[in-house]
Amino acid sequence: MQEPTFLILTALAAGPQHGYGVISDVAEISGGRVRLRAGTLYAALDRLRSEGLIADDREEVVDGRVRRYYRLTDAGGSRLAAEAERLRRHAEAASARLRARPAHGTLFRRGLAGGAA
């Protein structure tokens, strides 16, 4: 799953949101690292809706403009949970390997002690 998709589904896991709310929430969740443009978001929302991962929740009129709200479906929640678990396992493996990794200076000294140039 691509990161923007993961973040959009994560934003909708908190409850139904309209497009601008999703854009703002994705920016917040990612610490400002991911900033979705409206065109990118709506193309992703259309794709996620066609895959059954999200659905339209409701529409409301604000200042004469229609605001559509989207919600996570049960299938979307299951897919998000599976992806979060996959990422957790990968992060756990990386953390374990980093903890087991000798310090850089130790490797250097060992190389010199072994007669390496």
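Positions 1 to 117 (UniProt numbering) are the ones given, in order, by the sequence shown. Glycine included, each C-beta is placed from N, C-alpha and C at the ideal position.
Check	Outcome
Kindly indicate the opening and closing residues of the beta strand (DSSP E) around E83.	Counting along the chain, E83 falls outside any beta strand (DSSP E), though it belongs to the alpha helix (DSSP H) covering D74 to A100.
Measure the C-alpha to C-alpha separation of R97 and L80 and round it to an integer number of angstroms.	26 angstroms
Tell me the start and end of each unbroken beta strand (DSSP E) in the UniProt domain "Transcription regulator PadR N-terminal" (8-81) that is at least 3 residues and wholly inside, in chain order.	54-62 and 65-72
Measuring CB atoms only, is the segment 84-92 touching the segment 33-44, in the sense that at least three cross pairs come out at less than 8 angstroms?	no
Compare the beta carbon distance of Q2 and Y70 with 8 angstroms and say whether it is the shorter of the two.	no
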